[in-house]
Structures are given as structure tokens and as C-alpha cells.
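Letter 53 of the sequence shown, counting from 1, is numbered 42 in this note's numbering, and no numbers are missing.
Let me begin by presenting the structure, written as C-alpha cells, before commenting on it.
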Amino acid sequence: MIKTVKNFLHDLGIVDIWTGLCALISLVILFYLLSAIHGSGVVMNGAGIGGITEY
């Protein structure tokens, strides 16, 4: 499983695991900001990202 993930990341040009983590975190933050801008919010209660909030 880990080897498959490593090969997948390597195919994407992400050789360093920290580079991959930073990219993933950046995508999450970007998605969070876009969700906030569009007013959909981000649900952190286990329902996942992109849930509608009433605030």
C-alpha cells in the first residue's frame, strides 16, 4: 500500500513526502478559504469538508 502511494506521488513529481504533505495541507487550506468565501463553510464534526453551515 505504502509502495503504491510512493509510486503514485513519484509519478506526480512529488518525491519528498514532506513536499506532498505541504501540498495536501495547502489544498485543504485553499479549499477551506474557497468554501468560506462561497458561504458553504467547512464542517469539522466528522461529516467531512464542504457541508453547509447555518452561521
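Cβ coordinates follow ideal geometry from the N, Cα and C atoms, glycine included.
Just so we're clear, the structure is a prediction, and the values are computed from it rather than from any experiment.
Measuring only the C-alpha atoms, how far is residue i from residue j?
{"i": "V(-6)", "j": "L10", "result": "13 Å"}
{"i": "F(-3)", "j": "I14", "result": "18 Å"}
{"i": "K(-8)", "j": "H(-1)", "result": "10 Å"}
{"i": "L1", "j": "L22", "result": "25 Å"}
Go through its chain and collect everything with a Cβ distance to residue i's Cβ below 8 Å, but skip five positions before and after it.
{"i": "T105", "result": "An answer regarding residue 105 cannot be provided, because it is not within the stretch -10 to 44 covered by the chain."}
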